[in-house]
Amino acid sequence: MDIIESYRFHPSLHALFKSAEARHLTEDELQHYETTLPDCKSRADAAREIAKVDTAICGKIAKKVTEAYEYDKHHDVSTKKCFRDISLTVNYATLSMLMNDPDWYRDKLLIWFKTILHSFRFPDQKNGQEALIDGTEHAEQLASRQPFQKSIFETYSLLKAQMKASLSESAYKEIEPYLQLALDILSND
Numbered sequence: 075m076d077i078i079e080s081y082r083f084h085p086s087l088h089a090l091f092k093s094a095e096a097r098h099l100t101e102d103e104l105q106h107y108e109t110t111l112p113d114c115k116s117r118a119d120a121a122r123e124i125a126k127v128d129t130a131i132c133g134k135i136a137k138k139v140t141e142a143y144e145y146d147k148h149h150d151v152s153t154k155k156c157f158r159d160i161s162l163t164v165n166y167a168t169l170s171m172l173m174n175d176p177d178w179y180r181d182k183l184l185i186w187f188k189t190i191l192h193s194f195r196f197p198d199q200k201n202g203q204e205a206l207i208d209g210t211e212h213a214e215q216l217a218s219r220q221p222f223q224k225s226i227f228e229t230y231s232l233l234k235a236q237m238k239a240s241l242s243e244s245a246y247k248e249i250e251p252y253l254q255l256a257l258d259i260l261s262n263d
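With the working numbering applied, the sequence shown covers 75 to 263.
What follows is the structure, encoded as structure tokens:
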């Protein structure tokens, strides 16, 4: 196992990271981050790109998933809640990327969030609905999950796909491990 250096407790950044939980950093905060950690400029650039596309991506995914899985028949204001949950995941993933701390992301959000998501026992796809992402590998992974896990798997698979399509290659490379961590933890037993 590789030991990585977390910046979470960096003396010049700890308070900033704490105050930025559940939101994107402002431009001033990102400039402070870059000044403090000049070798991490690519992470700050990725955070800027993510903040620009986050709302549109999360909205598109929430609409697609809630329609395919008929959430509205089972949960009140489901599209709004789905949007909130995806957006929160992106915000924490981005902050974790800036901190270089996937363990914090896993422990702070993902384990807790998985417990909540799995307790809802989300409905299976409506009859005849195809997978939301094309491809044999995705379809096989989807089929291997319990019905309540399928919409979670599709949500975070779509998030990865949409981020890959919307971000520069370098920005996606920075955030991808955190998106994969969310997909792995949230959609599995």
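Beta carbons: idealized from backbone N, C-alpha and C, even for Gly.
Under the Cβ criterion (8 Å, minimum of three pairs), the stretch 204-217 does not count as touching the stretch 249-258. Taking D258 as reference, the option from S244, Q236, Q223, A245 with the minimal CA-CA separation is Q223. Apart from the 5 residues on each side of it in sequence, K115 sits with its Cβ closer than 6 Å to the Cβ of E108 in its chain, given in chain order. For Q199, no alpha helix (DSSP H) run applies, since DSSP gives it neither H nor E. Its chain contains S170, P251, Y252, L255 as the residues whose beta carbon lies nearer than 7 Å to that of P176, once the 5 sequence neighbours on both sides are disregarded; these appear in chain order.
Residue burial is scored here from C-beta neighbours: F83 has fewer than 16 other C-beta atoms within 10 angstroms and is therefore classed as exposed. Judged by DSSP in its simplified three-state form, Q254 adopts helix. Around the beta carbon of S86, fewer than 16 other beta carbons sit within 10 angstroms, so the residue counts as exposed. Judged by beta-carbon spacing, R97 lies within the 8 Å limit of N165, meaning their Cβ atoms are closer than that value.
Around Q199, the same chain offers A142, Y143, K224 as residues with beta carbons nearer than 7 Å, after the five sequence neighbours per side are excluded. The C-alpha of S193 lies about 23 Å from the C-alpha of L206.
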